[in-house]
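Q:
There are 2 protein chains.
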Amino acid sequence: MKLYDLELSGNCYKVRLFASLIHTPLNIIPVNFMQGEHKQSKLMKLNPWGEIPILEDGNIVLRDGQAILVYLANKYGGEAWWPSEAHLQADVMQWLSVAANEIQHGPNKARLIKKFAAEYDHTQCVLQSNKILTLIDSHLMNNHWLAANRPTIAECAIYPYISIAHEGDVEVDKYPHIKAWMKRIEQLPGYIPMPDN
Amino acid sequence: MKLYDLELSGNCYKVRLFASLIHTPLNIIPVNFMQGEHKQSKLMKLNPWGEIPILEDGNIVLRDGQAILVYLANKYGGEAWWPSEAHLQADVMQWLSVAANEIQHGPNKARLIKKFAAEYDHTQCVLQSNKILTLIDSHLMNNHWLAANRPTIAECAIYPYISIAHEGDVEVDKYPHIKAWMKRIEQLPGYIPMPDN
Numbered sequence: 001m002k003l004y005d006l007e008l009s010g011n012c013y014k015v016r017l018f019a020s021l022i023h024t025p026l027n028i029i030p031v032n033f034m035q036g037e038h039k040q041s042k043l044m045k046l047n048p049w050g051e052i053p054i055l056e057d058g059n060i061v062l063r064d065g066q067a068i069l070v071y072l073a074n075k076y077g078g079e080a081w082w083p084s085e086a087h088l089q090a091d092v093m094q095w096l097s098v099a100a101n102e103i104q105h106g107p108n109k110a111r112l113i114k115k116f117a118a119e120y121d122h123t124q125c126v127l128q129s130n131k132i133l134t135l136i137d138s139h140l141m142n143n144h145w146l147a148a149n150r151p152t153i154a155e156c157a158i159y160p161y162i163s164i165a166h167e168g169d170v171e172v173d174k175y176p177h178i179k180a181w182m183k184r185i186e187q188l189p190g191y192i193p194m195p196d197n
Numbered sequence: 001m002k003l004y005d006l007e008l009s010g011n012c013y014k015v016r017l018f019a020s021l022i023h024t025p026l027n028i029i030p031v032n033f034m035q036g037e038h039k040q041s042k043l044m045k046l047n048p049w050g051e052i053p054i055l056e057d058g059n060i061v062l063r064d065g066q067a068i069l070v071y072l073a074n075k076y077g078g079e080a081w082w083p084s085e086a087h088l089q090a091d092v093m094q095w096l097s098v099a100a101n102e103i104q105h106g107p108n109k110a111r112l113i114k115k116f117a118a119e120y121d122h123t124q125c126v127l128q129s130n131k132i133l134t135l136i137d138s139h140l141m142n143n144h145w146l147a148a149n150r151p152t153i154a155e156c157a158i159y160p161y162i163s164i165a166h167e168g169d170v171e172v173d174k175y176p177h178i179k180a181w182m183k184r185i186e187q188l189p190g191y192i193p194m195p196d197n
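Protein chains in written order, with the UniProt record's numbering: chain B, 1 to 197; chain C, 1 to 197.
1. Taking the alpha carbon of R16 of chain B as the reference point, which residue from B:E37, B:L46 and B:A73 has its own alpha carbon closest?
2. Locate the beta strand (DSSP E) running through P30 of chain B, then write down its first and last residues.
3. Note down, in chain order, all residues in the segment 36-63 of chain C with a beta-carbon under 7 Å from any beta-carbon belonging to chain B.
4. With 16 as the cutoff for other CB atoms within 10 Å, does H144 of chain C come out buried or exposed?
5. So if I threshold CB-CB distances at 7 Å, which residues from the segment 128-147 of chain B count as touching chain C?
6. Which bits of chain C does V126 of chain B rub up against, with CB to CB less than 9 Å?
7. If you scan the UniProt domain "GST C-terminal" (85-197) of chain B from start to end, which runs of the alpha helix (DSSP H) of 4 or more residues do you find wholly inside it?
8. In three-state DSSP terms, what is I22 of chain C?
9. Closest Cβ-Cβ distance between S9 of chain B and chain C: below 7 Å?
10. Go ahead and label I29 of chain C buried or exposed: buried means 16 or more other beta carbons lie within 10 angstroms of its beta carbon, across all protein chains shown.
11. Mapping the DSSP letters down to three states, classify E7 of chain B as helix, strand or coil.
12. Whose C-beta lies closer than 7 Å to the C-beta of N108 of chain B among residues of the same chain, with five residues either side of it excluded?
13. Using a threshold of 7 Å, state whether the C-beta atoms of Y13 of chain B and M141 of chain B are closer than that.
14. Against chain B, does K75 of chain C count as a neighbour if the rule is that its beta carbon must be under 7 Å from one of theirs?
15. Which residues, in order along the segment 86-97 of chain B, keep a beta-carbon less than 8 Å from a beta-carbon of chain C?
16. Would you tell me roughly how many angstroms separate the C-alpha atoms of R111 of chain B and I103 of chain B, rounded to the nearest one?
17. In angstroms, rounded to a whole number, what distance separates the CA positions of H122 of chain C and G58 of chain B?
18. Flag this pair as yes or no: are the beta carbons of I52 of chain C and H38 of chain C separated by less than 7 Å?
19. When you compare only the Cα positions, how much space is there between K75 of chain C and L127 of chain B?
20. Considering only residues of the same chain and omitting the five flanking positions on each side of I185 of chain B, which have a CB-CB separation below 6 Å?
21. Rounded to whole angstroms, how far is the Cβ of D64 of chain C from the Cβ of S97 of chain B, which I believe are closer than 8 Å?
22. Mind listing the chain C neighbours of N101 of chain B? Cutoff is C-beta to C-beta under 7 Å, in chain order.
23. List, in chain order, every chain B residue whose beta-carbon is nearer than 7 Å to that of A67 of chain C.
24. Tell me the residue span of the alpha helix (DSSP H) that contains I52 of chain C.
25. Spell out whether any CB of chain B is found under 7 Å from the CB atom of Y4 of chain C.
26. So, is G168 of chain B buried or exposed, given that buried needs 16 or more other C-beta atoms within 10 angstroms?
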C-alpha cells in the first residue's frame, strides 16, 4: 500500500499517524512538493485535485485525508476506530467535517501563511482558529475523546493541525482541555509525532 | 425525528432532499434565522456551533449536514446510499469532504454574499467555485454519478449548493456534464427541489 507523501503536510501526517496506531505498514513515496511533482501528469492522473496525500492500494486510488482514514479504518482498523452503529458513526463524521472545513481554513491556512508564504489573511485565519479551538476545548471539558467515548479516526483527523498550530502563530496553550487531550493521544500505543523540521 | 430547519439553507435542504429520496418522514421545525434563534440558548444547547441543520432523533442530536446524511443512510437509507465496502465508502467520503470544504467556501459563500450580504470576497468565492465546478464537470464526463457508480449521499451533499449557485452569480450553465448530472438527480423518485423564494 503506497502513500504519496509530504513529510511537512499535516494532511499526510493524518494518514501516517493512523496507520501507525493500527500497526499497518505503508510504503511511503515522498513527493517533491517544492518542485511541483503533485501537479505533474503522473500524480495528476492519480488525483486530478493536484493534492496529496494519495493512497494507492492495488487498483484502489484515494485522495483526501478523511476519505483515506475511512478506508483504512474499514479495511484494517476495525470497529474501534470507525464505529458502525448509526449515531456513533455520525458522531465521528461530525469531526471529519470539522477537519475538512474549520481546521483546514483555520490552523492549516495560518501555518501555510507563516511557513510557506501562502497568500491568505493571517488575522482572519487566527480568528477562525480561535473560534474552532474554543468550541473543541469546551467539548473536551466534558469528554475525554472527540466522539463515541473512545479514540477514533476523529482524533487522527483533528489532532495533526492542532499539534503544529504554533507554526502558524496560533496559540494552543491557552486551551487546557485540548492540551490534556493531546497528551492522551500522545500516550496511545503506536503514536508517532510530526517529524521535527 | 425532528429537523431544525431553515427553508433557505442549502445545508438543511441536503437533509430534506435525502429524507425525501428514502421516503423517511421528518418533523420540520422552522428556525427563525433572521431573529437569531439558532444562537439562542435552546438551540445552542443542541448545537454549540450555533448552526443549522440540527437533527434530533430521540436522545440523539446531530449537527453538520454530512454527518446527518451518514446517520440517515445508516439507519434508514441502507447500503444503496452509503456503501459499506471499504473502497466504495471512501469514494463517497471523498465527496463529503468536498461538500464540507470546497462547496462550502465556493458556491455557498458566493450565495451568502449576494443573498444575505455576508462579508466575504465575492471574486475569490467565484474563482473557488469555478475551480471546483471544473473538477466536478471533468469527473462527470466519464461518470454518471459522483461515486460508486450509483446515486449515493454524495449527490445529496454536493447537489444542493450547485442547484442554487446562480443565486451567488456562479454560472453553472457552462458545465455540460454537471447540467446532465443535475437532470439525472432531478429524475430520481422522491426528488424535491429547493422551494422557490
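The beta carbon of each residue, even a glycine, is placed where N, CA and C say it ideally should be.
A: Quick answer:
1. Numbered from its first residue, the first sequence carries residue 16 of chain B at position 16. With distances taken between Cα atoms, R16 of chain B lies closest to B:A73.
2. The residue you call residue 30 of chain B lines up with position 30 of the first sequence. N27 to P30 is the extent of the beta strand (DSSP E) around P30 of chain B.
3. P48, W49, I60, L62 and R63
4. Stepping through the second sequence from its first residue, residue 144 of chain C is reached at position 144. Exposed.
5. L135 and S138
6. To locate residue 126 of chain B, count along the first sequence from 1; it is residue 126. Per Cβ cutoff of 9 Å: no residues; V126 of chain B is ~17 Å from chain C at best.
7. 86-98, 109-116, 122-141, 153-163 and 176-186
8. For the purposes of this step, residue 22 of chain C is taken as residue 22 along the second sequence, with counting starting at 1. Note: I22 of chain C maps to coil in three-state DSSP.
9. On the first sequence, residue 9 of chain B is found 9 positions in, with the first residue counted as 1. No - not a single Cβ of chain C is within 7 Å of the one on S9 of chain B.
10. Mapped onto the second sequence, residue 29 of chain C falls at position 29. Its Cβ having fewer than 16 others within 10 Å, I29 of chain C is exposed.
11. In the first sequence, residue 7 of chain B corresponds to position 7, counting from 1. If DSSP states are grouped into helix, strand and coil, E7 of chain B belongs with coil.
12. The residue you call residue 108 of chain B lines up with position 108 of the first sequence. If we look at N108 of chain B and ignore the five residues flanking it on each side, its Cβ neighbours are G10 and Y161.
13. By one-based count along the first sequence, residue 13 of chain B stands at place 13. By one-based count along the first sequence, residue 141 of chain B stands at place 141. No; because the gap between Cβ atoms is not below 7 Å, this pair is not in contact.
14. Sequence index remark: in the second sequence, residue 75 of chain C carries index 75 (1-based). Yes - at least one Cβ of chain B is within 7 Å of the one on K75 of chain C.
15. A86, H87, Q89, A90, D91, M93, Q94, L96 and S97
16. Residue 111 of chain B sits at position 111 when you count from the first residue of the first sequence. Residue 103 of chain B sits at position 103 when you count from the first residue of the first sequence. If you take the alpha carbons of R111 of chain B and I103 of chain B, they lie about 11 Å apart.
17. One-based indexing of the second sequence puts residue 122 of chain C at position 122. One-based indexing of the first sequence puts residue 58 of chain B at position 58. Using only the alpha carbons, I get a separation of about 42 Å.
18. Translated into positions along the second sequence, residue 52 of chain C becomes position 52. Translated into positions along the second sequence, residue 38 of chain C becomes position 38. Yes; because the gap between Cβ atoms is below 7 Å, this pair is in contact.
19. To locate residue 75 of chain C, count along the second sequence from 1; it is residue 75. To locate residue 127 of chain B, count along the first sequence from 1; it is residue 127. In a straight line, the C-alpha of K75 of chain C is about 37 Å away from that of L127 of chain B.
20. For the purposes of this step, residue 185 of chain B is taken as the residue at position 185 of the first sequence. Excluding residues within five positions, the ones whose Cβ falls inside 6 Å are E155 and Y159.
21. Translated into positions along the second sequence, residue 64 of chain C becomes position 64. Translated into positions along the first sequence, residue 97 of chain B becomes position 97. About 5 Å; that satisfies the 8 Å criterion.
22. Walking along the first sequence from the start, residue 101 of chain B turns up at place 101. Ordered by position in chain C, the residues that pass the 7 Å Cβ test against N101 of chain B are A100, N101 and Q104.
23. Locating residue 67 of chain C in the second sequence gives position 67, counting from the first residue. Correct list: A90, M93, Q94 and S97.
24. Position 52 of the second sequence, counted from the start, is the residue given in the question as residue 52 of chain C. From DSSP, I52 of chain C is part of no alpha helix (DSSP H); its letter is neither H nor E.
25. Reading the second sequence from its first residue, position 4 is the one you call residue 4 of chain C. Not an interface residue.
26. Counted from its first residue, the first sequence places residue 168 of chain B at position 168. G168 of chain B should be labelled buried.
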